[in-house]
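Numbering (our numbering), first residue to last: 24 to 330. C-beta atoms are modelled at their ideal positions from N, C-alpha and C, and glycine is treated no differently. Computed from a prediction, not measured in an experiment: that's the story for all the values here.
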Amino acid sequence: MWMYVLRRLLYAIPILIGIKAIVFLLFAVAAGDPAEKIAGRHATPEKLAEIRHRLGTDQPLSTQFWNDMTSFRFGTSLMTDRPVYDRLAEGIGPSLSLAVPAFFVETLLAVSLALFCAFYRGGLADRIVILLTVAAVSIPSLAYILFGQYLFAFRWSLFPIFGFEPLPSGWVFLVLPAIIWVLLSLGSEVRFYRAVTLEEMSQDYVRTAAAKGLSARTILFRHVLKNSMIQIITRVIITIPFLILGSLLLESYFGIPGLGNLTIEAINQNDYPVVKAFVWIGSVLYVIFSILTDVGYALVDPRVRLK
């Protein structure tokens with residue numbers, strides 16, 4: 024197992040180097056001159072030269088590229104003149120406060136409903152759940168947010184419409200966006216897990232177990248669910264990087280100062296160091312959790328290590 028993990032880590036090194044190079048080149052071309060964004064269009068040449076020297080953008084592009092490749096500092100925000108690290112550190116807590124409980128509830132409900140549909144496949148209950156999931160994924164995300172804010176926050180005054188406070192006292196600000204998060208994701212997740220479960224139920228070992236007299240409940244929960252874990256692990260682990268980076272719409276509309284809201288602000292303000300940091304961190308997290316997914320495969324199915 025340790026040799027398998029080591030090989031996966033070694034494979035990731037050139038990928039991460041390539042990602043960092045691509046991110047640098049993209050933003051070097053698209054970002055333009057950050058000194059003009061900080062000082063404004065009417066700044067004097069001396070002021071622009073001072074800012075370029077402070078940011079290091081007065082150096083040749085090859086030197087900037089080497090400094091970027093050998094350093095993991097994200098620089099300073101163009102809009103707030105604060106280190107990007109500080110802004111990221113401030114946003115990770117609110118993002119995880121919303122994402123972790125919402126994702127846990129969503130995954131638990133999705134797997135449970137998928138097993139329910141598989142147990143009653145082809146029946147009325149299965150068709151009703153599928154109809155509801157198709158309807159759920161057909162509704163735009165913004166409609167969930169606006170309807171939830173109007174009905175539960177404005178009309179019924181059950182939750183605050185906007186704002187955030189740290190946990191545990193600020194849990195009331197997170198309940199409504201967490202509910203909307205679950206509703207937004209539940210339809211597609213149930214359909215995915217149901218398809219995975221039904222695919223396993225069509226395998227020969229299921230028919231063999233049924234021929235031996237095992238009950239449908241025993242086959243479903245003891246055998247089918249276990250053999251579906253590879254697909255479930257893939258879905259869960261590969262989603263974690265997006266949880267860490269926050270939810271763009273929910274945080275923006277509910278005033279949660281998380282990483283998603285920070286991303287929206289950075290894009291609107293052309294704060295390229297912050298956007299660049301998010302692109303790089305998101306890419307690294309995706310590669311890391313892809314490796315963890317492969318390791319999860321090997322833990323669930325030892326045959327994976329032999330390939």
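Check	Outcome
What's the gap between the Cα of ARG240 and the Cα of PHE142?	7 Å
So is the beta-carbon of ARG96 under 6 Å away from any non-hydrogen atom of the ligand GTP?	Questions concerning the ligand GTP fall outside what the structure shown contains, since it holds no ligand whatsoever.
Expressed to the nearest angstrom, what Euclidean distance is found between the alpha-carbon atoms of ALA159 and GLY210?	6 Å
Would DSSP call THR262 helix, strand or coil?	helix
Which runs of the alpha helix (DSSP H) at least 4 residues long sit entirely within the segment 162-243? Give them in chain order.	164-171, 195-224, 227-234
Quick one: give me the first and last residue of the alpha helix (DSSP H) that ARG96 is part of.	Premise fails: ARG96 is in no alpha helix (DSSP H) and is neither H nor E.
Once DSSP output is grouped into helix, strand and coil, what is the label at LEU329?	Interpretation of LEU329 is limited by its pLDDT of 47, a score under 50 that renders its predicted location unreliable; the figure taken from the coordinates is listed afterwards. The answer is helix: DSSP assigns LEU329 an H, G or I state.
Nearest CA to the CA of ARG217: which residue from GLU73, ILE61, ILE153, GLY146?	ILE153
Who does PRO106 pair with in a DSSP beta bridge?	THR99
If contact is defined by three or more beta carbon pairs under 8 Å, each pair taking one atom from either stretch, is the segment 247-254 in contact with the segment 93-111?	no
If I measure Cβ to Cβ from ILE40 and keep anything under 7 Å in the same chain, skipping five residues before and after, which residues do I get?	none
With C-beta atoms as the reference, is PRO264 less than 7 Å away from TYR309?	yes
How far does the alpha helix (DSSP H) with ILE279 in it reach, from first residue to last?	Neither: ILE279 is in no alpha helix (DSSP H) and is coded neither H nor E.
Tell me whether the segment 172-188 and the segment 266-279 touch, counting them as touching only if at least three CB pairs, one residue from each stretch, are closer than 8 Å.	yes
Beta-carbon separation of LEU206 and TYR167 under 7 Å?	yes
Three-state secondary structure (DSSP) at ARG75?	helix
Using a 10 Å radius around the Cβ and a threshold of 16 neighbouring Cβ atoms, would you call GLN336 buried or exposed?	Residue 336 is absent from the model: the chain starts at 24 and stops at 330.
State the DSSP-derived secondary structure class of ASN90, mapped to helix, strand or coil.	helix
Mind checking which residues open and close the alpha helix (DSSP H) that includes PRO83?	Taken as a continuous stretch (DSSP letters only), PRO83 belongs to no alpha helix (DSSP H), as it is neither H nor E.
Can you tell which of ALA232, VAL46, GLU73 has its C-alpha closest to the C-alpha of PRO57?	GLU73
Would you call the CB atoms of LEU266 and PHE126 closer than 7 Å?	yes
Answer with buried or exposed for TRP303, where buried requires no fewer than 16 other C-beta atoms within 10 angstroms of its C-beta.	buried
Please state if the CB of LEU268 and the CB of LEU282 are separated by a distance shorter than 7 Å.	yes
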